[in-house]
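Protein chains: 2
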Amino acid sequence: MAPSAVTQPTHRSGALLDFLARRMRLRTEAVLAPLGLRPRHLVALTVLRVRGGSTQQALATTLAMDGTNIVGLLNELEADKLIERRRSPEDRRRHLVELTEAGVEQLAKAECALAEVDEEMLGALDASQRETLYNLLQLAATGTGVSCAQAILE
Amino acid sequence: MAPSAVTQPTHRSGALLDFLARRMRLRTEAVLAPLGLRPRHLVALTVLRVRGGSTQQALATTLAMDGTNIVGLLNELEADKLIERRRSPEDRRRHLVELTEAGVEQLAKAECALAEVDEEMLGALDASQRETLYNLLQLAATGTGVSCAQAILE
DNA sequence: TAGATGGCTTGTGGAACACAAACCATTTAT
DNA sequence: ATAAATGGTTTGTGTTCCACAAGCCATCTA
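In order, the protein sequences belong to chains A and B. At position 51 of the first sequence the residue is numbered 53 (my numbering), and the sequence of numbers has no breaks. At position 13 of the second sequence the residue is numbered 15 (my numbering), and the sequence of numbers has no breaks.
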């Protein structure tokens, strides 16, 4: 069964991550569609739950995405009243983005609906393995360029 | 460290996976470009290393991608002599796709070059955690719809 | 007062797709 | 044997997600 006895210098997770994320995103799209959300929205909402009150520039860095596209993304979310742009008191040019109550609820509803996707895609993992995976992903996500850039800003 | 004491019903890895995969793909693009590869090629080659001799239809299912796009993707890889399409002896309509020797080498070279990306993106994880992550991803990838569809075919 | 900055709008373009149609070679069913 | 189905190919068309550039306003800073 071993395709190559001699394995790679170190296992690279990149391709695997890409592969899985694609499959999961396809299923996620289908599940999220009835809620009026798309994967990009889910990611944005998820980030905002943790980093509420972020500047749009900070979001751009976090999401590794152009500022003008952040505008569009937030416009969509704001139109659905899932987020709110508040003016920063210190610098009134800035917008501080935050989830609305409806946003929190919608995110929770989405995550609930996504249980079936987890079931499908992570079926081979038991509960504790899924938790481990989640924690490792979380650690990687918060412990890199993201928090690095954030650290500079704070 | 827990951002919210009361966590979600269960942690959903979907958004996190999407988020990380995006960041990683951006970096990967840059690293792979000088090798004449793009992320999609890396994924295809990686799949083919394990599932060599797959039919193009099987690849389409595995990669969750339209058959006509598989053709295009394989055309690119074949033009670079990284893969080979052999006629199936049993059914001469079928193509059995396999990595060439050059393909194996190029894949290894790519993975080697991607060490720096891992370093950047998974910096917060130590070696054993990275290995765990890799194993969990591998398990999830091979243990779902993929192998399920494959099992039916065999 | 001038320049820099955060954000918004609009427009252009590219990459990765899905989907459809028409085609060949081959296999299978009648 | 002839018809139908199948695996793959080619050539479109359209969509979505993005990057990037230019020009605009409001506001802050020098």
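We treat Cβ as the ideally placed atom computed from N, Cα and C, and that holds for glycine. It should be emphasised that the depicted structure is a prediction, and the values quoted were computed from it without experimental measurement.
For residue j and residue i, the rounded distance between their alpha carbons
i: THR144 (chain B); j: ARG87 (chain A); result: 43 Å
i: VAL99 (chain B); j: VAL49 (chain A); result: 40 Å
i: VAL148 (chain A); j: GLU78 (chain B); result: Reliability of the predicted coordinates at VAL148 (chain A) is poor, the pLDDT of 43 falling under 50, and no value is obtained from them.
i: LEU47 (chain A); j: GLU121 (chain B); result: 27 Å
i: LEU39 (chain A); j: ARG14 (chain B); result: 16 Å
i: ASP128 (chain A); j: ALA117 (chain B); result: 29 Å
i: ARG89 (chain A); j: PHE21 (chain B); result: 27 Å
i: LYS83 (chain A); j: VAL73 (chain A); result: 15 Å
Chain-ordered neighbours of residue i on chain B, where CB pairs are closer than 7 Å
i: GLU45 (chain A); result: Here residue 45 (chain A) turns out to be Val, not Glu, going by the sequence shown. Here the neighbours are ALA17, ASP20 and PHE21.
i: ARG14 (chain A); result: GLU113, LEU116 and ASP120
i: LEU138 (chain A); result: LEU127, GLN131, THR134 and LEU135
i: GLY145 (chain A); result: GLY125 and ALA126
Inter-residue CB distance, residue i and residue j (contact presumed, cutoff 8 Å)
i: PRO41 (chain B); j: ARG24 (chain B); result: Not quite, the Cβ-Cβ distance comes to about 11 Å (not below 8 Å), so this is no contact.
i: LEU61 (chain B); j: ALA112 (chain B); result: Not confirmed; about 19 Å, so no contact.
i: ALA142 (chain B); j: LEU124 (chain A); result: 5 Å
Spatial neighbours of residue i in its chain, beta-carbon cut-off 6 Å, leaving aside the 5 residues before and after
i: ALA115 (chain B); result: VAL33
i: MET67 (chain B); result: none
i: GLY55 (chain B); result: LEU98 and GLU100
Contact set for residue i: own chain, Cβ-Cβ below 7 Å, skip 5 residues either direction
i: CYS150 (chain A); result: Bear in mind that a pLDDT of 43 at CYS150 (chain A), under 50, signals an unreliable position, so the model cannot answer this.
i: ILE85 (chain B); result: LEU50, LEU76, LEU79, VAL99, GLU100, LEU101, THR102 and GLY105
i: GLN59 (chain B); result: GLY69
Contact list for residue i against chain B, beta-carbon separation under 9 Å
i: PRO41 (chain A); result: GLY16, ALA17 and ASP20
i: ARG24 (chain A); result: ALA23, VAL45, LEU65, ALA66 and MET67
Pick from the options that is closest to residue i, judged by C-alpha positions
i: ALA126 (chain A); options: B:LEU127, B:GLU118, B:VAL119 and B:ASN137; result: B:ASN137
i: HIS43 (chain B); options: B:ASP120, B:THR134, B:GLN108 and B:MET123; result: B:GLN108
i: LEU65 (chain A); options: B:ALA17, B:THR12, B:ARG132 and B:THR64; result: B:ALA17
i: SER166 (chain B); options: A:LYS83, A:THR134, A:ALA129 and A:GLU103; result: The structure shown does not extend to residue 166 (chain B), since chain B is modelled only from 3 to 156, so the question has no answer here.
i: GLN140 (chain A); options: A:VAL45, A:ARG89 and A:GLU92; result: A:VAL45
i: GLU92 (chain B); options: B:THR30, B:ALA35, B:ARG29 and B:THR57; result: B:THR57
Neighbour list for residue i in chain A, Cβ cutoff strictly below 8 Å
i: THR30 (chain B); result: GLY16 and ASP20
Neighbourhood of residue i by C-beta, 8 Å cutoff - its chain only, sequence neighbours within 5 removed
i: VAL1 (chain A); result: Chain A is shown only over 3 to 156; residue 1 (chain A) falls outside these bounds and no answer can be derived.
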